[in-house]
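Trainee: Per the working numbering, the very first residue in the sequence shown carries number 1254; after that it's consecutive. I have a structure here, written as structure tokens, and I will follow up with some questions on it.
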Amino acid sequence: MNTSSEQRHILVIGGGPAAHRFAEAMATRRPAGTRLTVLTEEAHLPYDRVALSKALTDPGVDLTLGEAELWEQEHLTLETGARAVALDSAARVVRTEDGREFGYDELVLATGSNAATLPIPGAELTHVYRTLEDVRGIAKQVRTLAATLGRTPVVATIGGGLLGLEAAAGVQALGAQALIIDGGHWLMGTQLDQGAGQALGRLIAQKDLTVHGGVYPEKILSENGQVTGVHMADGKVIAADMVIVSIGVRPRDELARTHNETQTDGGAHFSLGPRGGIVIDGSCATGVEHVWAIGEVANFGGLCVGLVAPANTMAEVAADRLTGGEGEFSGFDTATKLKLSGVDVASFGDAFARTEGSLEVVYADAARGLYQKLVVSEDASTLLGGIFVGDASPYQSLRPLLGRELPAEPGAYLSAAGGPAPDTELPDDAVVCSCNNVDAGSIRGAVGGACAGCGPASTVSGLKSCTMAGTQCGSCVPMLKKLLETEMAKNGMEVSTALCEHFSLSRPQLFEAVRVAGLGTYPQIMARFGTGTGCDICKPTIASILASQTNVHPMDAGLAGAQDTNDRVMANMQKDGTYSVVPRIPGGEITPEKLGVIARVAQKYGLYTKLTGGLRIDMFGARLEQLPQIWRELVDAGFESGQAYGKSLRNVKTCVGSTWCRYGMLDSVGMGIDIELRYRGLRAPHKFKMGVSGCARECAEARAKDVGVIATAEGWNLYVGGNGGANPAHAQLLAGGVDDRTLLRYIDRFLMYYIRSAERLQRTAHWIQELPGGMDTVHSVVVEDSLGLGAELEQAMERHVSSYQDEWAATLADPQKLKRFRSFVNAPQISDTELEYASERGQRHPVDLGASIPVRPAAN
């Protein structure tokens, strides 16, 4: 043993979420004289497996759980790449694959589970969906197939459960054609009854995900090592280029099994479940002294469950027991919610009404793909469980009430049947965040200032930091927000959505008020809805609102003084007080003649030139009085303002598409130009960028844009809500396989919906995240036209398109506007000559003033 008489050594086998939560729990309790070692065979820090689907479409996403500083604590050691292969419980020693031995005083097994595989011929050619390496391998194979086949690859996912549906949606988002094969007669058969499963099937079909149900695969077909299809038990062959298997998990109890095999009759043995898993009692102790089991490897009550909430609870119980407490694990919370864009599904409690005497209250609308069911006690008073498909909005309020008496009739909570659900006050002991076992009382306490070391929480992020609620699967965040606002109001804390001190309205409210009132100038809006003279928050916001609604010029309607610095002169100010000039190059396509114009202008005015990431050419170093001269030459040559200075469409990035590329599925350049010319000049709460890729190889990086379009064999896939920058986000699929006309109609609706409802300076990714219902709401409004606003949003966009004017062309035609472009008001003919420049790589740049900041260590 590696322990000493002074220190107790706790050894943890496994590096998944359960092991991470146990390490956090021990670090929080800080038991004196205890050190902790965690062995994980993976090369990563523990990561969030719940969010694994994000890594499928965004290889660079960071899924690390918690803070890396946890593993830097002196008493805590994390050994990566350390696979435990043998356990000697008598000597209290664990041996790793590389021959190292680790002694322990207490051993916690958190080895998790493996993806179940198919015992059929050809199974070795399939992929599984379980670890970060699995997901990265799937993404790489989809991209490789798209390149080598020269067409959209067909990917079959075997398994219609939660992970199977996530995997299918993920590969579809990568540009593949996704199929789902499931032996059950409806999807998610473990969580949903027949009515709900059939409703889900219809919603999945609307996502262009083909489902083959009610029959099992018999063989994976291949030629020369390449998958060609799946042979089914009924003789049918389903063509596929790749197969993913997601049919459940099997507990990784091999360490316990190997231990049992080496024990004599009198030695300690682990008790194992009939279907695997190490049997534990309520304290998470196993049948072997000083050995505990938590997470998916633990078998409690005959079950092993692969969910976050029970794993976290087990980790807390084990940590409590190992520090002298009496924590008890009472059983599994099997509530589930499907995280799939545009498909709302939730199941919790006794969803199948197995409780004796239980009643089912059901609302079903097959035409709309809606199914809602509550299971209640025989007297219809106590909530026992529920299922929601198509509209799971009641889940957030009802989940904490499981096992409690409902304050109203059960039918009142079925939102799909019409009418708002009763506003229910949650008891303090109602669990709001099941992942981290945080109850409503803890949330209320945090708002009231009961969190140690923190002031009263006044934001959702503050609540997350204080209580850990909402930091894992995130499904409880809407309820957190509701509780936060309710408690702040009760405590006399202001819950304000005001734009600023001069406007009591929020930005969306002000946008709608201006639209309805038909106001067209800054003074009119201030007089009608504001107070005072305005500030640097409300002034540019009003200017943006008017530009979005009427395409008004930045210098008209009393707006010149309300604009930001850059909008005021329609150019980006640089650090030396000069400006940059960025002409629009739609879709990145430009003729040699126009390239020559830019070259001559830059040379004539001594401008620094650089290609931008948006396929444009930026010219730096123009003085204020030079801007009209430069733009005169550019406009005369057929250029327009690229609006690089505005909170508006910046550019549409394209790849070469089918015009030249042998992999191109559709004309991405032509579509990109059409899109850029349609939405040019459109002002929004923040800048937005767009991209069009001609195939799944994604050379235009469309999924890193606010609006991204990717060509497939079936048409265009439309993605929304992506962005790069300091907080990158991958765009999510809004619609798949649409034609040109439908694509533009959906983009019209999406952009106008965003412009109407987003807050000031809110990018599309954050707007979608903060929108109640998130991406599901966007899909409902834009694709399904659930609010009946589709035609109105399209008409608003048509007004923009028909009234568009190039801002610089209009400025050059107006002598009054040109008067603004002078360095000295009292000496308009004199330019600023105090600017100094240095030459480097054949171009000039401003001379740095003051001390330089070293960015590299000095050479020895």
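Just so it is clear, CB atoms sit at the ideal spot from N, CA and C, and this is done for glycine as well.
Have a look at residue 1467 and residue 1543 and give me their C-alpha separation to the nearest angstrom.
Mentor: 46 Å
Trainee: Only counting runs of 4 or more residues, tell me where the alpha helix (DSSP H) segments fall wholly within the stretch 1380-1440, in order along the chain.
Mentor: 1385-1402, 1415-1426
Trainee: How many angstroms separate the CA atom of residue 1459 from the CA atom of residue 2036?
Mentor: 11 Å
Trainee: Identify whether residue 1450 lies in helix, strand or coil by the three-state DSSP scheme.
Mentor: Correct three-state label for residue 1450: helix.
Trainee: Less than 8 Å separating the beta-carbons of residue 1293 and residue 1333?
Mentor: It is a contact, given that the beta carbons lie within the stated cut-off.
Trainee: Is residue 2078 buried or exposed, if buried means 16 or more other CB atoms sit within 10 Å of its CB?
Mentor: Reliability of the predicted coordinates at residue 2078 is poor, the pLDDT of 48 falling under 50, and no value is obtained from them.
Trainee: Compare the C-alpha of residue 1885 against each of 1868, 1858, 1910 and name the closest.
Mentor: 1858
Trainee: Ignoring anything shorter than 4 residues or poking outside the stretch 1294-1327, list the alpha helix (DSSP H) runs there in chain order.
Mentor: With a minimum length of 4 residues, the continuous alpha helix (DSSP H) runs that stay inside the stretch 1294-1327 are 1305-1310.
Trainee: I'd like to know if the stretch 1910-1927 and the stretch 1935-1946 are in contact, where contact means that at least 3 CB-CB pairs between them fall below 8 Å.
Mentor: yes
Trainee: Using 8 Å as the threshold, is the stretch 1871-1890 in touch with the stretch 1809-1825, meaning 3 or more CB pairs across them?
Mentor: yes
Trainee: Look at the alpha carbon of residue 1471 and the alpha carbon of residue 1560, and state the distance between them as a whole number of angstroms.
Mentor: 29 Å
Trainee: In three-state terms, what does DSSP make of residue 2003?
Mentor: In the structure shown, residue 2003 sits in a helix (DSSP, three-state: H, G or I).
Trainee: May I have the straight-line CA-CA distance separating residue 1955 from residue 1906, to the nearest angstrom?
Mentor: The straight-line gap separating the alpha-carbon atoms of residue 1955 and residue 1906 is approximately 8 Å.
Trainee: For residue 1402, is the classification buried or exposed, using 16 other Cβ atoms within 10 angstroms of its Cβ as the cut-off for buried?
Mentor: exposed
Trainee: Among the candidates 1983, 1708, 1765, whose CA atom is the shortest distance from the CA of residue 2049?
Mentor: 1765
Trainee: In the DSSP output, what is residue 2099 paired with across the bridge?
Mentor: 2090
Trainee: Do residue 1355 and residue 1347 have their beta-carbon atoms positioned less than 8 Å apart in this structure?
Mentor: Annotated as proximal: residue 1347 and residue 1355, with beta-carbon spacing under 8 Å.
Trainee: I need the straight-line Cα distance from residue 1316 to residue 1300, nearest angstrom please.
Mentor: If I take the Cα positions, the gap works out to 5 Å.
Trainee: With H, G and I counted as helix, E and B as strand and the rest as coil, what does DSSP make of residue 1680?
Mentor: coil
Trainee: State yes or no: is the C-beta of residue 1282 within less than 8 Å of the C-beta of residue 1576?
Mentor: yes
Trainee: Between the alpha carbons of residue 1672 and residue 2074, how many angstroms are there, rounded?
Mentor: Note on residue 1672: pLDDT 46, under 50, position unreliable in the model; the coordinate value appears next. The alpha-carbon separation between residue 1672 and residue 2074 amounts to approximately 58 Å.
Trainee: By Cβ distance, which residues of its chain are closer than 7 Å to residue 1516, with the 5 residues on each side in sequence left out?
Mentor: 1522
Trainee: Among the candidates 1541, 1578, 1564, whose CA atom is the shortest distance from the CA of residue 1548?
Mentor: 1564
Trainee: Just curious, the beta strand (DSSP E) that residue 1479 is in, first and last residue?
Mentor: 1479-1485
Trainee: Would you call residue 1743 buried or exposed, if buried means 16 or more other Cβ atoms sit within 10 Å of its Cβ?
Mentor: exposed
Trainee: With residue 2061 as the anchor, note down where its beta strand (DSSP E) starts and where it stops.
Mentor: Segment 2060-2065 is the alpha helix (DSSP H) holding residue 2061; no beta strand (DSSP E) there.
Trainee: Hey, residue 1391 and residue 1409 are a contact pair by Cβ (cut 8 Å); roughly how many whole angstroms apart?
Mentor: Actually they are not in contact, since the Cβ atoms of residue 1391 and residue 1409 sit about 12 Å apart, beyond 8 Å.
Trainee: Output needed for residue 1701: all residues of its chain with C-beta closer than 8 Å, excluding positions within five of it in sequence on either side, in chain order.
Mentor: 1709, 1740, 1744
Trainee: Hey, how far is the Cα of residue 1808 from the Cα of residue 1986?
Mentor: 38 Å
Trainee: Going by C-alpha distance, which of 1975, 1338, 2090 is nearest residue 1353?
Mentor: 1338
Trainee: To the nearest angstrom, report how far apart residue 1279 and residue 1680 are at their CA atoms.
Mentor: 29 Å
Trainee: Secondary structure at residue 1863, three-state DSSP: helix, strand or coil?
Mentor: Reduced to three states, the DSSP call for residue 1863 is strand.
Trainee: Tell me the start and end of each unbroken beta strand (DSSP E) in the stretch 1823-1875 that is at least 3 residues and wholly inside, in chain order.
Mentor: 1832-1834, 1861-1864, 1870-1875
Trainee: Let me check understanding here. Comparing Cα to Cα, which of 1318, 1306, 1968 lies closest to residue 1244?
Mentor: Because residue 1244 is not part of the residues shown, which for the chain are 1254 to 2113, the question remains open.
Trainee: Helix, strand or coil, according to DSSP, for residue 1462 in the structure here?
Mentor: coil
Trainee: State buried or exposed for residue 1374, treating a residue as buried only when at least 16 other CB atoms are found within 10 Å of its CB.
Mentor: Exposed, since its Cβ has fewer than 16 Cβ neighbours within 10 Å.
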